[in-house]
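Each residue of the sequence shown is one higher than the last, beginning at 107 in our numbering.
Cβ coordinates follow ideal geometry from the N, Cα and C atoms, glycine included.
Only a predicted model underlies this, so the values are computations on that prediction, with no experimental measurement involved.
Below: the structure, in structure tokens.
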Amino acid sequence: MTAIPNGQVDPRDLSSHELRALRIVASNRLRRQRNGYRGTDKTVITLAMYDKLMVLGLIRRELQNGQWRVLLTGKGKFTLGVADVRKRA
């Protein structure tokens, strides 16, 4: 079993939809669209899901070349890494 440091989010506390949204953010450059964000492979994250992940501190917005991009924070990368290790185990 992997110990989770203080301040981190345990992947078991996240729903499958939230983990899927984290994987989408990690693997795509998301662009703002009506009612959410769209990835390059037509995957969509709704604004409600975006808000949940933002409140948990797993994602952040960054201004790149005049456009807002959604990126994983260090906490989000750690959570996704733990989830992947547990999935393989």
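Check	Outcome
Given a cut-off of 8 Å on the beta-carbon distance, is the pair R175 and R135 in contact?	yes
Can you grab the Cα-Cα spacing for the pair Q114 / L120, in whole Å?	12 Å
How long is the line joining the alpha carbons of R126 and E168, rounded to whole angstroms?	21 Å
Which of the three DSSP states is assigned to G145 in this structure?	coil
Between R129 and L186, which are expected to be in contact by the criterion C-beta below 8 Å, what is the C-beta distance as a whole number of angstroms?	7 Å
Quick one: Cα of K193 to Cα of S122, how far?	12 Å
Where does K181 fall in DSSP's three states?	helix
Give the single residue among K183, P111, A195 and G142 whose Cα lies nearest to the Cα of Q157.	Inspection of the sequence shows that residue 157 is occupied by Asp rather than by Gln. D157 has its Cα closest to that of G142, out of K183, P111, A195 and G142.
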